[in-house]
Amino acid sequence: MGMTISEKILAKKSGQETVKPGDFVMCKLDLVMATDVTAPLAIKVFHRMGAEKPFDSGRIIFINDHFVPAKDIKSAELSQEMRDFAKKHHLRYYYEVGRGGICHALMPEEGLILPGMILIGADSHTCTAGALGAFATGVGSTDLAAGMALGETWFKVPESIKIVFHGKKPDYISGKDMILTVIGELGVEGAMYMALEFSGDAVRSLPMADRFSICNMAIEAGAKTGIIEPDEITLRYLGLESASEVQSGSERRKLPFLKSDNDARYARTLTFKVDRMEPLVAYPFLPSNVAKASNFKDIRLDQVFIGSCTNGWLDDLRTAAAILKGKRIHEGVRLIITPSTARTFKEAVAEGLISIFLEAGAAVTTPTCGPCLGGHMGVLAKGEVCLATTNRNFKGRMGDLESKVYLSGTAVAAASAITGRITDPRELI
Amino acid sequence: MKGIMRGKCFKFGDNIDTDMIIPVKYCNTYDMAELGKHCMAGYEENFAKNISTGDFLVAGSNFGCGSSRENAPLAIKGCGIQAVIASSFARIFLRNAINVGLLIFESEEASQKISEGDQLEIIKEKGLIRNLTRVETYSSSPLPEFITTIIEEGGLVGYVRKKLKGKQEDCLS
């Protein structure tokens, strides 16, 4: 019996020939990541575990992204604890405000994620890295502390669900619409404890930004991870000529491009056609409440947010700029745009995208997770309605318990900022 | 820790997410008691005031979905809740609960039959949940053996402590 890509990675990292769903395995970790919200508790637990130094100072990544630039004194202290630890233990990958960005966008951009890797991150959207063919999953601070101390952790080998996308994707459809389709179909617990494997010709033709956006939201169907087999597009993104030689930081290692066997076992397979897919929106308060954007014409908006680890990529900013160019944002709406990393911000400036946003009347912020989770820079007041390109629309997620968040891809968000109500971007063409 | 736990329960539906359990505005601390003051504040702002030490949370499926924030099980422990009973738990929450020593019981039957305010008695070792109000008994799914080993080592902290100590001894010998 063959194995899926997820099973192959877990087998390899646990030193076994084969594994099957349900097995408990102890795996060596390639990377361990935490943010300013989760690292301080992990550090405390790390000490409580009796650990004196990290298993490898070159494999732990600390990123300031959630409450930064520090929104209050307590948040400043969280960053300080993380900074002190990073300095004391000479962590190779510590990212400060202004030189980093949102962890799930920053790690791939920095070339830290490579196919075949296994990584844990103390943030639920760590599964984003699966777009590069890595097995990546979110954990809490205690699991992270154990990972920092031992360089290994346990996993229950998940069953996999195969999601196949066929056909030629219309231009106005993005990876976000594709993953919303999947979550709408599976529900928020449909893939609980499982791995979602995305494949098919429509996935193979997607650029990395869309692939990241798809894997990012695997957790919203309850999945342990989302994963896409690496291919030529993955190689090109990593700046590599061949699959046999890959580079991470100053290290060169050989990592095989693992692929699922033809006879691999799947809990189920779901097939979707993308040819006639419509731009989608998830209405409050679950990401699985999915319907066509054109159904929401009457929903007036107070705020539109374009950014987050789901849709703050350079491709998203380009999509937004193409729609906003020469237009003004509706007078009743605030548009907040947050490039996901410092590099993306710089490139957006160089391409003239930021000027387009400012001319249109948007607020452009420094890279931060802030607005997505109601942390800062975009918190909603009572009764306010926001359309966001983020991944969660839980009750009170972005602020007051009586505020509402709708989710969409970037094109719908940009078009809606112009009209002041939820809008299918094709309406503006 | 042997024993029988008794208390009253608070009943919730499906998909209770981490934003409901502890909104991010309270997550700039990991102090358990402080977090406990705001437990379920994303469901109802002052909910924690209703909770007495020893109470239980009972919910439907996918309890704890959303963020990886360990503040969520810590907030539940911090406000004095003894255990959470649900028909299923979201994966990261399940791991976090085990790691911080928050007792959880997976039971579809208990989740369906228990009502708000029912008095419960849980026999931990057997995973048995007795509903004293309705005079009913429900069983819960046993935890996998691998997890029980970790719990027996005193949770993940104890497990890692032991493992690190073993490594040091290896170096000395």
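For the record, the sequence lines run as chains A and B. Everything in the first sequence is counted per our numbering, starting at 1 for the first residue and increasing by one. Everything in the second sequence is counted per our numbering, starting at 1001 for the first residue and increasing by one. Beta carbons: idealized from backbone N, C-alpha and C, even for Gly. It should be emphasised that the depicted structure is a prediction, and the values quoted were computed from it without experimental measurement.
>> To be precise: take each residue of the segment 1045 to 1065 of chain B, compare its Cβ to all Cβ atoms of chain A, and keep it if any distance is under 8 Å. Which residues remain?
In response: Within the segment 1045 to 1065 of chain B, the residues whose Cβ lies closer than 8 Å to some Cβ of chain A are E1045, S1061, N1062 and C1065, listed in chain order.
> Could you give the residue range of the alpha helix (DSSP H) that holds A/C103?
Replying inline: Locating residue 103 of chain A in the first sequence gives position 103, where the first residue counts as 1. Counting along the chain, the alpha helix (DSSP H) containing A/C103 begins and ends at C103 to E109.
> If you check the beta carbons only, do A/I336 and A/F305 fall under 7 Å apart?
Replying inline: In the first sequence, counting from the first residue as 1, residue 336 of chain A sits at position 336. In the first sequence, counting from the first residue as 1, residue 305 of chain A sits at position 305. In terms of Cβ geometry, A/I336 and A/F305 form a close pair [threshold 7 Å].
> Near A/L387, what residues of its chain come up, given a Cβ to Cβ distance below 7 Å and the 5 sequence neighbours on each side ignored?
Replying inline: As a first step, residue 387 of chain A must be located in the first sequence, where it is residue number 387. Within the same chain, L301, V304, Y406, S408, A413, S416 and I422 come within 7 Å of A/L387 by CB-CB distance, once the 5 residues on both sides are set aside.
> Taking the alpha carbon of B/C1079 as the point to measure from, which residue in B/C1039, B/L1102 and B/R1069 has its own alpha carbon closest?
Replying inline: Against the second sequence, residue 1079 of chain B aligns to sequence position 79. Comparing Cα-Cα distances from B/C1079 to each of B/C1039, B/L1102 and B/R1069, the minimum goes to B/C1039.
>> Using CA atoms only, rank isn't needed, just tell me which of A/E197, A/Y283, A/I60 and A/S174 is closest to A/W313.
In response: What you label residue 313 of chain A is simply residue 313 of the first sequence in a count that begins at 1. When each option's Cα is compared against that of A/W313, the closest is A/S174.
> How should A/V68 be labelled, buried or exposed, when 16 other C-beta atoms within 10 angstroms of its C-beta is the threshold for buried?
Replying inline: Here residue 68 of chain A refers to the residue found at position 68 of the first sequence. Per the 10 Å Cβ criterion, buried.
>> For chain A, check one thing: does any of its Cβ atoms lie closer than 7 Å to the Cβ of B/A1086?
In response: Within the second sequence, residue 1086 of chain B is the residue found at index 86, counting from 1. The beta-carbon of B/A1086 is placed no less than 7 Å from the nearest beta-carbon of chain A.
> When burial is assigned at 16 or more other CB atoms within 10 Å of the CB, is A/S14 buried or exposed?
Replying inline: The residue labelled residue 14 of chain A in the question sits at position 14 within the first sequence. By the neighbour-count criterion, in which 16 or more other beta carbons inside 10 Å mark a residue as buried, A/S14 falls on the buried side.
> Per the contact definition of three or more C-beta pairs closer than 8 Å, is the segment 55 to 72 of chain A in contact with the segment 368 to 376 of chain A?
Replying inline: With a cut-off of 8 Å, the segment 55 to 72 of chain A and the segment 368 to 376 of chain A count as touching, because enough Cβ pairs lie within range.
>> Assuming the contact rule is C-beta atoms closer than 8 Å, B/L1102 and B/K1124 should be a hit. Round their C-beta distance to whole Å, please.
In response: For the purposes of this step, residue 1102 of chain B is identified with residue 102 of the second sequence, where counting begins at 1. For the purposes of this step, residue 1124 of chain B is identified with residue 124 of the second sequence, where counting begins at 1. Approximately 13 Å separates the beta-carbon atoms of B/L1102 and B/K1124; this is outside 8 Å, ruling out the contact.
>> Quick check: the Cα distance between A/T142 and B/K1049, rounded to an integer number of angstroms?
In response: For the purposes of this step, residue 142 of chain A is taken as residue 142 along the first sequence, with counting starting at 1. For the purposes of this step, residue 1049 of chain B is taken as residue 49 along the second sequence, with counting starting at 1. For A/T142 and B/K1049, the distance between alpha carbons rounds to 28 Å.
>> Under 8 Å: do the segment 1113 to 1121 of chain B and the segment 10 to 28 of chain A share three or more Cβ pairs, one atom per stretch?
In response: Note that the segment 1113 to 1121 of chain B does not touch the segment 10 to 28 of chain A; fewer than 3 beta-carbon pairs, one per stretch, sit closer than 8 Å.
> Using a C-beta to C-beta distance shorter than 8 Å, which residues of chain A count as neighbours of B/M1020?
Replying inline: Stepping through the second sequence from its first residue, residue 1020 of chain B is reached at position 20. Near B/M1020 (Cβ distances below 8 Å), the residues of chain A are F394, K395 and G396.
> Can you list the residues of chain B that A/L41 reaches, using a CB-CB cut of under 7 Å?
Replying inline: By 1-based counting over the first sequence, the position of residue 41 of chain A is 41. Neighbours of A/L41 on chain B, chain order: Y1030 and E1070.
> What residue from B/G1054, B/A1059 and B/P1073 has the CA that sits closest to B/I1081's CA?
Replying inline: Numbered from its first residue, the second sequence carries residue 1081 of chain B at position 81. The shortest Cα separation from B/I1081 among B/G1054, B/A1059 and B/P1073 belongs to B/G1054.
> Should A/T341 be labelled buried (16 or more other beta-carbon atoms within 10 Å of its own) or exposed?
Replying inline: One-based indexing of the first sequence puts residue 341 of chain A at position 341. By the C-beta density criterion, A/T341 is buried, having at least 16 other C-beta atoms within 10 angstroms.
>> Quick check: the Cα distance between B/N1028 and B/N1071, rounded to an integer number of angstroms?
In response: Here residue 1028 of chain B refers to the residue found at position 28 of the second sequence. Here residue 1071 of chain B refers to the residue found at position 71 of the second sequence. Distance from the CA atom of B/N1028 to the CA atom of B/N1071, rounded to whole angstroms, is 9 Å.
> Which same chain residues, not among the five before or five after A/E384, have their C-beta less than 6 Å away from its C-beta?
Replying inline: As a first step, residue 384 of chain A must be located in the first sequence, where it is residue number 384. Cβ within range, chain order: D302 and S403.
> Is it right to say A/S75 is buried, meaning 16 or more other beta carbons lie within 10 angstroms of its own, or is it exposed?
Replying inline: Along the first sequence, read from residue 1 onward, the residue named residue 75 of chain A stands at position 75. Buried, because 16 or more other Cβ atoms sit within 10 Å of the Cβ of A/S75.
>> Which complete beta strand (DSSP E) runs does the segment 1052 to 1136 of chain B hold, if anything under 3 residues is left out?
In response: Fully enclosed beta strand (DSSP E) runs of 3 or longer: 1056 to 1059, 1083 to 1086, 1103 to 1106, 1119 to 1123 and 1128 to 1131.
> How many Å lie between B/F1089 and A/R265 at the Cα?
Replying inline: As a first step, residue 1089 of chain B is located in the second sequence; it is residue number 89 there, counting from the start. As a first step, residue 265 of chain A is located in the first sequence; it is residue number 265 there, counting from the start. Near 25 Å, if we compare the C-alpha coordinates of A/R265 and B/F1089.
> Is the CB of A/G147 under 7 Å away from at least one CB in chain B?
Replying inline: Within the first sequence, the letter at position 147 stands for residue 147 of chain A. At least 7 Å separates the CB of A/G147 from every CB of chain B.
> Taking all protein chains shown into account, do 16 or more other C-beta atoms lie within 10 angstroms of the C-beta of A/G226, making it buried, or fewer, making it exposed?
Replying inline: Counting from 1 along the first sequence, the entry for residue 226 of chain A is found at position 226. Residue environment: A/G226 is assigned as buried (16 or more neighbouring CB atoms within 10 Å of its CB, all protein chains considered).
> Can you name the start and end residues of the alpha helix (DSSP H) that A/Y266 belongs to?
Replying inline: Start at 1 with the first residue of the first sequence, and residue 266 of chain A comes out as number 266. No alpha helix (DSSP H) contains A/Y266, which DSSP labels as neither H nor E.
> Does the beta carbon of A/S250 sit closer than 7 Å to a beta carbon anywhere in chain B?
Replying inline: Taking the first sequence and counting its residues from 1, the one referred to as residue 250 of chain A is at position 250. Confidence in A/S250 is poor, its pLDDT being 48 and thus under 50, which makes the residue's placement too unreliable to answer from.
> Going by other Cβ atoms of all chains shown within 10 Å of its Cβ, with 16 needed for buried, is A/H104 buried or exposed?
Replying inline: In the first sequence, residue 104 of chain A corresponds to position 104, counting from 1. Classification for A/H104: buried.
>> What residue range does the alpha helix (DSSP H) around A/C309 cover?
In response: By 1-based counting over the first sequence, the position of residue 309 of chain A is 309. Run containing A/C309: S308 to N311, per the alpha helix (DSSP H) assignment.
> Does the segment 345 to 357 of chain A come close enough to the segment 36 to 54 of chain A that 3 or more CB-CB pairs lie under 8 Å?
Replying inline: Contact between the segment 36 to 54 of chain A and the segment 345 to 357 of chain A is absent, with fewer than three C-beta pairs closer than 8 Å.
> Could you give the C-beta distance for A/I323 and A/P230, rounded to a whole number, given that I count them as a contact under 8 Å?
Replying inline: Position 323 of the first sequence holds residue 323 of chain A. Position 230 of the first sequence holds residue 230 of chain A. Contact between A/I323 and A/P230 fails: their C-beta atoms lie close to 31 Å from each other, not under 8 Å.
> Candidates A/T18, A/D72, A/A39 and A/L10: which alpha carbon is nearest A/L29's?
Replying inline: As a working note, residue 29 of chain A is residue 29 in the first sequence. Selected option, being the one with the closest Cα: A/L10.
> Is there at least one Cβ from chain B nearer than 7 Å to A/E189's Cβ?
Replying inline: In the first sequence, the residue the question calls residue 189 of chain A occupies position 189. It does: the Cβ of A/E189 has a partner Cβ on chain B nearer than 7 Å.
> Name the chain A residues whose beta carbon is nearer than 8 Å to that of B/G1042?
Replying inline: Numbered from its first residue, the second sequence carries residue 1042 of chain B at position 42. Taking a Cβ-Cβ cut-off of 8 Å, the neighbours of B/G1042 in chain A comprise F394, K395, G396 and L401, given in sequence order.
>> Counting beta carbon pairs with one atom in the segment 71 to 87 of chain A and one in the segment 107 to 127 of chain A, are three or more of them shorter than 8 Å?
In response: With a cut-off of 8 Å on Cβ pairs, the segment 107 to 127 of chain A is not in contact with the segment 71 to 87 of chain A, counting fewer than three such pairs.
> Given A/M208, which residues of its chain have a CB within under 6 Å of its CB, disregarding the five upstream and five downstream residues?
Replying inline: Indexing the first sequence from 1 puts residue 208 of chain A at position 208. Cβ neighbours of A/M208 beyond the five flanking positions: Y237.
> Can we say the segment 180 to 190 of chain A touches the segment 148 to 157 of chain A, given the rule of at least three CB pairs closer than 8 Å?
Replying inline: Because the criterion of three Cβ pairs below 8 Å is not met, the segment 180 to 190 of chain A and the segment 148 to 157 of chain A do not touch.
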